[in-house]
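Throughout the sequence shown, residue numbering follows our numbering, covering 2 to 308 in sequence. Ideal Cβ positions, reconstructed from N, Cα and C, are used throughout, including at glycine. This one's a predicted model, so the numbers in the text were calculated from it and none came from an experiment.
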Amino acid sequence: EPEDDNAINHILRLRKKQGWLTMLPQHGFVYKNQTCTTDVAKKKTYLFKDEGEYVFCLLRNGNNPKARYEPYDFQISSEADGKDMEVTPVMNWLYERRLFNMIINLPFFVKFRIWKAFIRWKVNVQSSKKNNSWMLMLKELFIVDVVFQSCLLYVRALCETASSSNGGLGLGDSAIIFVKLDRSRSYLLDEFYNVQRHQCKHAFGQIESLRNKIIEMIKQSCLKVADMEGAKKLFEPDFKNKPKYAEIAEWRHILARFTRFIRLVDEIFQDLLCRLINTAVRLLLEFFISSDKVRLSNEKKNETLIR
């Protein structure tokens, strides 16, 4: 093995030995035909005898996967170490090497691995934060739970069927209304009072039935979620083995989530009651206004005067 294993130094030495100038063209990054600054056209060329000296070259870091990729960085090696051979004109190879070195020293290529590692680290950190946030949401927010979502949709559908948020009137037999008005007839005060009292009693029965349905749905949803969390025995009324205080402390976040969920359902139910009251008052006011606009005919007025 030679002491100097730099391939460029040996190329320059061999070309100088033959009397050749090794000067590359200054054409920037655009490849053009190489121009020599020798006076070959003016002077007679004298060729020295070729002694047949040559060297074998291999990639300096070819066996190091962690090394930077530099296909023009060769080192002198023995013949036994070489497997493949590639023949390229020296001037072309030197010109390509110069262009490659100009490109590879750009910051994008110099810091490529650093940037890649930083971007990968940044993606991993963002993914970790996203997963932690998602787990925190699953642990604290009931709205992201599929069971609670289906329960809320069911409760909302029952309330909309009883009294629609668009107009206040319900659908079919499930509609709930506090007043019963018939514009085709006139009522005495006592008769009107009895009709409205019976209607309110019927509406209260519908509200009680709706309330029981919602309570049963809430109970099933909470038990299902507690079973998924492994805390079902905490909500069983008759259990022999009571949970320990440490276990109850671990399940406090479940109780807090149940509390927020039940509070939201309660607000939905209160909104339904408020909508029922507003609808009843609005319908009753419209009924009174339309009744006030009705005037008796002249014949009935005369009969009243005669009497």
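Leaving out five residues on either side along the sequence, give the residues of the same chain with a beta carbon under 6 Å from the beta carbon of residue i.
i      : result
Tyr32  : Confidence in Tyr32 is poor, its pLDDT being 45 and thus under 50, which makes the residue's placement too unreliable to answer from.
Asp40  : With a pLDDT of 47 at Asp40, under the threshold of 50, the predicted position of this residue should be treated as unreliable, and no value is reported.
Lys44  : Unreliable placement is indicated for Lys44, whose pLDDT of 46 sits below 50; the coordinate value is still reported in the next sentence. The answer is none, since no qualifying residue turns up.
Gly169 : Arg276, Thr280
Leu172 : Thr162
Asn106 : none
For residue i, collect the residues of the same chain with a Cβ closer than 7 Å to its Cβ; drop the 5 residues on either side in sequence, then sort them by chain order.
i      : result
Lys214 : Leu159
Glu230 : Ile255
Glu54  : Leu15
Ala232 : Trp252, Ile255
His11  : Val56, Ile77
Gln197 : Val180, Lys181
Asp6   : Gln76, Ile77
Ala118 : none
Which residue from the options puts its Cα closest to that of residue i?
i      : options                        : result
Arg16  : Glu251, Leu170, Met92, Trp135  : Met92
Ile269 : Phe289, Ile216, Lys233         : Ile216
Arg186 : Ser291, Asp5, Leu13, Asn65     : Ser291
Ala8   : Ser78, Ala68, Arg253           : Ser78
Glu260 : Phe149, Arg69, Ala68           : Just to set this straight, residue 260 is Thr in the shown sequence, not Glu. When each option's Cα is compared against that of Thr260, the closest is Phe149.
Asn64  : Tyr55, Val56, Gln76            : Gln76
Ile104 : Asn125, Arg121, Pro72          : Pro72
Lys112 : Asp74, Ile144, Tyr70, Glu192   : Tyr70
Leu139 : Asn106, Ala257, Glu4, Val295   : Ala257
Asn167 : Leu277, Asp293, Phe289         : Leu277
Ser210 : Ser175, Phe119, Trp21          : Ser175
Val88  : Leu107, Ile115, Val56          : Val56
Val266 : Asp191, Leu190, Gly173, Ile144 : Ile144
Asp272 : Arg184, Arg121, Ser164         : Ser164
Tyr188 : Ile120, Ala68, Trp116, Phe289  : Phe289
Glu287 : Asp183, Asn195, Phe205         : Asp183
Val147 : Glu4, Leu107, Trp21, Phe262    : Phe262
Residue i bridges to which residues according to DSSP?
i     : result
Gly76 : In the sequence as displayed, the identity of residue 76 is Gln instead of Gly. For Gln76, which the question treats as bridged, DSSP gives the partners Asn7, Leu59.
For residue i, which residues in the same chain have their Cβ closer than 8 Å to its Cβ, ignoring the five residues on either side in sequence?
i      : result
Leu13  : Thr23
Met218 : Cys152, Tyr155, Val156
Leu274 : Ile208
Cys58  : Ala8, Phe75, Gln76, Ile77, Ser78
Asp293 : none
Asn62  : Ala68, Arg69, Glu71, Asp74
Phe110 : Ile104
So is the beta-carbon of residue i under 8 Å away from any non-hydrogen atom of the ligand SAM?
i      : result
Gly171 : This structure simply doesn't include the ligand SAM, nor any ligand for that matter.
Contact the stretch 130 to 149 vs the stretch 95 to 108: 3+ CB pairs below 8 Å: Judged by pairs of C-beta atoms under 8 Å, the stretch 130 to 149 does not touch the stretch 95 to 108, as fewer than three such pairs exist.
Touching by the beta-carbon criterion (3+ pairs, under 8 Å), the stretch 222 to 233 and the stretch 199 to 207: Fewer than three Cβ pairs drawn from the stretch 222 to 233 and the stretch 199 to 207 lie within less than 8 Å of each other, which leaves the two stretches out of contact.
Touching by the beta-carbon criterion (3+ pairs, under 8 Å), the stretch 164 to 182 and the stretch 277 to 285: Below 8 Å, enough C-beta pairs join the stretch 164 to 182 and the stretch 277 to 285 to call them touching: three or more.
Any alpha helix (DSSP H) of 4 or more consecutive residues that is wholly inside the stretch 99 to 176: If we require 4 residues or more, the alpha helix (DSSP H) runs fully inside the stretch 99 to 176 come out as 108 to 111, 113 to 141, 147 to 163.
Unbroken stretches of the beta strand (DSSP E), 3 residues or longer, contained in the stretch 253 to 288: None, since the stretch 253 to 288 contains no complete beta strand (DSSP E) of that length.
Start-end ranges of the alpha helix (DSSP H) lying completely within the stretch 190 to 234, minimum 4 residues: Entirely contained in the stretch 190 to 234, the alpha helix (DSSP H) runs reaching 4 residues are, in chain order, 190 to 230.
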